[in-house]
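Position 143 of the sequence shown, counted from 1, bears residue number 142 in numbering that gives the first Met the number 0, the numbering being contiguous throughout. Beta carbons are placed, not taken as given, at the ideal position from N, Cα and C, and that holds for glycine. What follows is a single structure, written as structure tokens, with notes after it.
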Amino acid sequence: MEKSVIFRDNQELQADDFLNMQSWAQSAADHIVLDAINDEAAYSGFTITKADSYTLNVSTGRLYDDGLVYAREATVSLDLRNDLPVATKRYFAIVAWGQEVEEDIQPRNFLIDATTGDAEPQSVAMQETRYANINYVKGTESADPQYPSVDSTTLLLGYVLTTP
Numbered sequence: 000m001e002k003s004v005i006f007r008d009n010q011e012l013q014a015d016d017f018l019n020m021q022s023w024a025q026s027a028a029d030h031i032v033l034d035a036i037n038d039e040a041a042y043s044g045f046t047i048t049k050a051d052s053y054t055l056n057v058s059t060g061r062l063y064d065d066g067l068v069y070a071r072e073a074t075v076s077l078d079l080r081n082d083l084p085v086a087t088k089r090y091f092a093i094v095a096w097g098q099e100v101e102e103d104i105q106p107r108n109f110l111i112d113a114t115t116g117d118a119e120p121q122s123v124a125m126q127e128t129r130y131a132n133i134n135y136v137k138g139t140e141s142a143d144p145q146y147p148s149v150d151s152t153t154l155l156l157g158y159v160l161t162t163p
């Protein structure tokens, strides 16, 4: 780690001390990815498998984008039923993109008067997650289908060719 908070016996701790501990650790991990691995988009995991005639499963994995790490901790099921070709063939592009999400909403008391000690409850997010979203982009149905175009803000994981 590049920085660390120093704690001493009988020392008063501030909220910033704890915030610095986690943000500095996250920054150090981001720097490792950015410096040692790559600053371009890449991924690990995200294996695409056929679950049944209409469904694809994408396994857990991590997305690396601009030195940041996004994770998906559960398998994603993609239901293609409504977008399958009717008469010929169609390509689907399976894509991923990162997003920071605040979650785990919990009630917490917030001090509103330091003199009296009065506090007021509020529901607030207690966790910020770098989340890897997974979805598909459908191509045009054709006897000679072409790959669908993929937006520059997403990372292509793979193509799947489907028939009726």
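Buried or exposed for residue i, please, with buried defined as at least 16 other CB atoms from any protein chain shown within 10 angstroms of its CB.
{"i": "G157", "result": "exposed"}
{"i": "A50", "result": "exposed"}
{"i": "I93", "result": "buried"}
{"i": "T46", "result": "exposed"}
{"i": "A73", "result": "exposed"}
{"i": "P84", "result": "buried"}
{"i": "A118", "result": "exposed"}
{"i": "D8", "result": "exposed"}
{"i": "F17", "result": "exposed"}
{"i": "T162", "result": "exposed"}
{"i": "Y63", "result": "buried"}
{"i": "R61", "result": "buried"}
Pull up the DSSP beta-bridge partners for residue i, would you.
{"i": "S141", "result": "K88"}
{"i": "G60", "result": "G44, R71"}
{"i": "P106", "result": "S122"}
{"i": "T54", "result": "D78"}
{"i": "D112", "result": "D117"}
{"i": "I5", "result": "Beta-bridge pairing links I5 to no other residue."}
Could you give the DSSP three-state label for residue i: helix, strand or coil?
{"i": "M125", "result": "strand"}
{"i": "L77", "result": "strand"}
{"i": "D65", "result": "coil"}
{"i": "V100", "result": "strand"}
{"i": "A95", "result": "strand"}
{"i": "D117", "result": "strand"}
{"i": "V149", "result": "coil"}
{"i": "N132", "result": "strand"}
{"i": "D179", "result": "A question about residue 179 goes unanswered here, because the residues of the chain that appear run from 0 up to 163."}
By how many angstroms is the C-alpha of residue j removed from the C-alpha of residue i?
{"i": "V68", "j": "D15", "result": "23 Å"}
{"i": "G116", "j": "Q105", "result": "21 Å"}
{"i": "D143", "j": "K88", "result": "7 Å"}
{"i": "Y90", "j": "E39", "result": "25 Å"}
{"i": "W96", "j": "Q25", "result": "19 Å"}
{"i": "D65", "j": "I36", "result": "11 Å"}
The beta strand (DSSP E) that contains residue i, what's its start and end?
{"i": "S43", "result": "41 to 44"}
{"i": "I47", "result": "47 to 49"}
{"i": "L12", "result": "Here L12 belongs to no beta strand (DSSP E), and DSSP marks it neither H nor E."}
{"i": "L175", "result": "This structure does not reach residue 175, given that the chain is present from 0 up to 163, and the question cannot be answered."}
{"i": "Y158", "result": "154 to 161"}
For chain D, is any of its Cβ atoms less than 9 Å away from the one on residue i?
{"i": "G138", "result": "The chain labelled as chain D is not found in the depicted structure, where only one protein chain is given."}
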